[in-house]
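S.K.: For reference, the structure I am asking about is given below.
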Amino acid sequence: MSSTPTGRQLALALGLAVLAGSAGFLLARHAAQPQPGSIEGLIWPDPRALAAFSAIDHDGGPFTEEKLKGRWSLLFFGFTHCPDICPITLSVLAQARKGLGNATGGAPLQVIFVTVDPERDQPPQLKEYVRYFDPEFIGLGGTPEQIRGLTSQLGVAVMRNPGTPDGAYTVDHSAAVFVIDPGARFVGVLSAPHEKDSMTLRFRNIAEFVRRAES
Amino acid sequence: MNISRALLAGGVLVLCATAAAQEPEIAATGAWIAAAPPVAGVNAGYLELTNKGAQSATLTGAESPRFARIEMHRSDMQNGVNTMRRESALEVPAGGTLPFAPGGLHLMLFSGAPPPRTGESIPLTLIFADGVRIPVTAEVRPFSPGAGSHQH
Ligand SMILES: [Cu+2]
Chain A
7 MSSTPTGRQL ALALGLAVLA GSAGFLLARH AAQPQPGSIE GLIWPDPRAL
57 AAFSAIDHDG GPFTEEKLKG RWSLLFFGFT HCPDICPITL SVLAQARKGL
107 GNATGGAPLQ VIFVTVDPER DQPPQLKEYV RYFDPEFIGL GGTPEQIRGL
157 TSQLGVAVMR NPGTPDGAYT VDHSAAVFVI DPGARFVGVL SAPHEKDSMT
207 LRFRNIAEFV RRAES
Chain B
1473 MNISRALLAG GVLVLCATAA AQEPEIAATG AWIAAAPPVA GVNAGYLELT
1523 NKGAQSATLT GAESPRFARI EMHRSDMQNG VNTMRRESAL EVPAGGTLPF
1573 APGGLHLMLF SGAPPPRTGE SIPLTLIFAD GVRIPVTAEV RPFSPGAGSH
1623 QH
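Just so you know, the sequences run in chain order A and B. Be aware that the first sequence starts at 7, since it is given in our numbering, and climbs by one per residue. Be aware that the second sequence starts at 1473, since it is given in our numbering, and climbs by one per residue.
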């Protein structure tokens, strides 16, 4: 006995097919987006928006959280009289920056060096220092209070060591690179040691995850 | 008289030879200086010391006509925090090596005047506790892109 499907049966079948299709699409999307826990350095869910801060850029102009919006930022903390870890990290950042243009989906990427030694690192000193590594780099200084406004909310450790009689001193500081998204949210940490390929990969994974989560 | 003199001289020579054999035989290789922004006022120097002798040697410092002062420093990473401390003496163990490398030990070179330029060869003298001085030549070159990859 043959039966022809009624209009109602057709509608039901069509409905089920649509449901299955959406489920499949959702599953595929879910599978393609990695779990946040599998992305090294990602801070997710609920990344913290940076609180208001003010610093001085290497040209002597004001620099606030507003200048972090609409672009990706990599922040590194150090001081210009540091001979080893700071220049290594800035060299790696200069190399990595060139390969990261397409990780941000077209948004600009800025690399910011924040001094943990603002008394010695005045804006002209910072400018000459950061531009040696990459003319696009931004140096940030200011008063010690202004620098603390940034270090405290990112959890950056800063410890100045006792100086020698001639006034030389060094500053211990966190070696990580901090990732800020275009919403001025603290979304990731790239921990040391720094090397171009691993830094590029970790940043790319973090940026792509955040962009897809927001889309 | 002539014979005893000759014997005496010979004995002294033998003594000297014995002393030389027991002294550390240090080789300094791969010396280079990391180029840095002149405004930094400091550069890091790296090299590897190898002790082929049977006795350990102690490095106590270095000097160069190109720098106002040279210290020995150790960079380290503890809980994600970069530290740098001065070392007053460093041992090169018998039959062993003492590496100075990015992220670890470095010669801290202060106030190069004029600032070291990439490609320049700079003379350094390593000074040991027993008074031995070893000259080395270090070439100035930039940190390579992977220079930080061999930190622990
Ligand atoms: Cu040092």
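For every residue, glycine included, the Cβ atom is placed at its ideal position computed from N, Cα and C. If you're wondering where the values come from, they're calculated on a predicted model, not measured in any experiment.
So which residues on chain A does residue 1514/B lean against when the C-beta distance must stay under 7 Å?
M.R.: The residue given as residue 1514/B occupies position 42 in the second sequence. Ordered by position in chain A, the residues that pass the 7 Å Cβ test against residue 1514/B are 87 and 89.
S.K.: Hey, would you say residue 1574/B sits closer than 8 Å to residue 178/A, going by beta carbons?
M.R.: Taking the first residue of the second sequence as position 1, residue 1574/B is located at position 102. Taking the first residue of the first sequence as position 1, residue 178/A is located at position 172. No, Cβ-Cβ distance for residue 1574/B and residue 178/A is not below 8 Å.
S.K.: Alpha carbon to alpha carbon, what distance is there between residue 1585/B and residue 76/A?
M.R.: As a position in the first sequence, residue 76/A is number 70, starting the count at 1. As a position in the second sequence, residue 1585/B is number 113, starting the count at 1. Rounded to the nearest angstrom, the two C-alpha atoms are 43 Å apart.
S.K.: Rounded to whole angstroms, what is the Cα-Cα separation between residue 1525/B and residue 202/A?
M.R.: Here residue 1525/B is taken as the residue at index 53 of the second sequence, counted from 1. Here residue 202/A is taken as the residue at index 196 of the first sequence, counted from 1. Distance between the alpha carbons of residue 1525/B and residue 202/A is about 39 Å.
S.K.: Touching or not, the segment 49 to 66 of chain A and the segment 191 to 209 of chain A, by the rule of three or more beta carbon pairs under 8 Å?
M.R.: Touching, yes.
S.K.: Does DSSP put residue 123/A in a helix, in a strand, or in coil?
M.R.: Locating residue 123/A in the first sequence gives position 117, where the first residue counts as 1. The answer is coil: DSSP assigns residue 123/A none of H, G, I, E or B.
S.K.: Does the segment 1609 to 1616 of chain B come within contact of the segment 85 to 102 of chain A, defined as at least 3 CB pairs closer than 8 Å?
M.R.: The segment 1609 to 1616 of chain B vs the segment 85 to 102 of chain A: in contact.
S.K.: Step through the CB atoms of chain A and report whether any lies within less than 8 Å of the CB of residue 1552/B.
M.R.: To locate residue 1552/B, count along the second sequence from 1; it is residue 80. Output row for residue 1552/B: interface = yes.
S.K.: Using only the heavy atoms of ligand 1, determine whether one of them is closer than 7 Å to the beta carbon of residue 1580/B.
M.R.: Within the second sequence, residue 1580/B is the residue found at index 108, counting from 1. Within the cutoff, so yes.
S.K.: Check the Cβ of residue 1580/B against every Cβ in chain A and list those closer than 7 Å, keeping chain order.
M.R.: Counted from its first residue, the second sequence places residue 1580/B at position 108. Within chain A, the residues near residue 1580/B are 89.
S.K.: Is residue 89/A near ligand 1, with its Cβ less than 7 Å from a heavy atom?
M.R.: Within the first sequence, residue 89/A is the residue found at index 83, counting from 1. Yes, Cβ of residue 89/A sits closer than 7 Å to a heavy atom of ligand 1.
S.K.: Go through its chain and collect everything with a Cβ distance to residue 102/A's Cβ below 6 Å, but skip five positions before and after it.
M.R.: Sequence index remark: in the first sequence, residue 102/A carries index 96 (1-based). 202, 205 and 206, listed in sequence order.
S.K.: Find the nearest neighbour of residue 129/A within the set 86/A, 199/A and 196/A, judged by alpha-carbon distance.
M.R.: The sequence position of residue 129/A within the first sequence is 123, counting from 1. When only C-alpha atoms are compared, the closest one is 86/A.
S.K.: Is residue 59/A helix, strand or coil by DSSP?
M.R.: Locating residue 59/A in the first sequence gives position 53, counting from the first residue. In the structure shown, residue 59/A sits in coil (DSSP, three-state: anything other than H, G, I, E or B).
S.K.: Can we count residue 1545/B as close to ligand 1, meaning its CB is less than 7 Å from some heavy atom?
M.R.: Within the second sequence, numbered from 1, the residue matching residue 1545/B stands at position 73. Result yes, Cβ under 7 Å from ligand 1.
S.K.: Please list, in chain order, the chain A residues whose beta carbon lies closer than 7 Å to that of residue 1567/B.
M.R.: Within the second sequence, numbered from 1, the residue matching residue 1567/B stands at position 95. By Cβ distance, chain A contributes nothing, its closest Cβ being about 28 Å from residue 1567/B, past 7 Å.
S.K.: Sorted by chain position, which residues of the same chain lie with C-beta nearer than 6 Å to residue 176/A's C-beta, five sequence neighbours on each side aside?
M.R.: Your numbering for residue 176/A matches position 170 in the first sequence. Same-chain partners within the cutoff: 167.
S.K.: Excluding the 5 residues flanking residue 1535/B on each side, which residues of the same chain have their C-beta closer than 8 Å to its C-beta?
M.R.: Counting from 1 along the second sequence, the entry for residue 1535/B is found at position 63. So the qualifying residues of the chain are 1542, 1596, 1597 and 1599.
S.K.: Is residue 165/A near ligand 1, judged by its Cβ being under 7 Å from some heavy atom?
M.R.: Reading the first sequence from its first residue, position 159 is the one you call residue 165/A. Because no heavy atom of ligand 1 lies under 7 Å away, the Cβ of residue 165/A does not count as near it: no.
S.K.: Any heavy atom of ligand 1 within a distance shorter than 7 Å of the CB on residue 1556/B?
M.R.: Here the question's residue 1556/B lines up with position 84 in the second sequence. It does: the Cβ of residue 1556/B is within 7 Å (strictly closer) of some heavy atom of ligand 1.
S.K.: Quick one: measure Cβ to Cβ for residue 64/A and residue 132/A, integer angstroms, because I've assumed they're closer than 8 Å.
M.R.: Counted from its first residue, the first sequence places residue 64/A at position 58. Counted from its first residue, the first sequence places residue 132/A at position 126. Between residue 132/A and residue 64/A the Cβ distance is about 4 Å, and since that is below 8 Å, they are a contact.
S.K.: For residue 1564/B, which residues in chain A fall below 8 Å Cβ to Cβ?
M.R.: For the purposes of this step, residue 1564/B is identified with residue 92 of the second sequence, where counting begins at 1. The contacting residues do not exist; residue 1564/B stays about 21 Å from chain A at best.
S.K.: Interface residues of chain A around residue 1451/B at Cβ under 7 Å?
M.R.: Any question about residue 1451/B goes unanswered here, given that chain B covers just 1473 to 1624.
S.K.: Would you mind sorting residue 1590/B into buried or exposed? The rule is 16 or more other CB atoms within 10 Å of its CB.
M.R.: What you label residue 1590/B is simply residue 118 of the second sequence in a count that begins at 1. The residue is exposed, with fewer than 16 neighbouring Cβ atoms inside 10 Å.
S.K.: In the DSSP assignment, what residue or residues form a beta bridge with residue 1442/B?
M.R.: There is simply no residue 1442/B to check, as chain B begins at 1473 and stops at 1624 in what is shown.
S.K.: Would a check of beta-carbon distances place residue 135/A closer than 8 Å to chain B?
M.R.: For this step, residue 135/A is matched to residue 129 along the first sequence. At least one chain B Cβ lies under 8 Å of residue 135/A.
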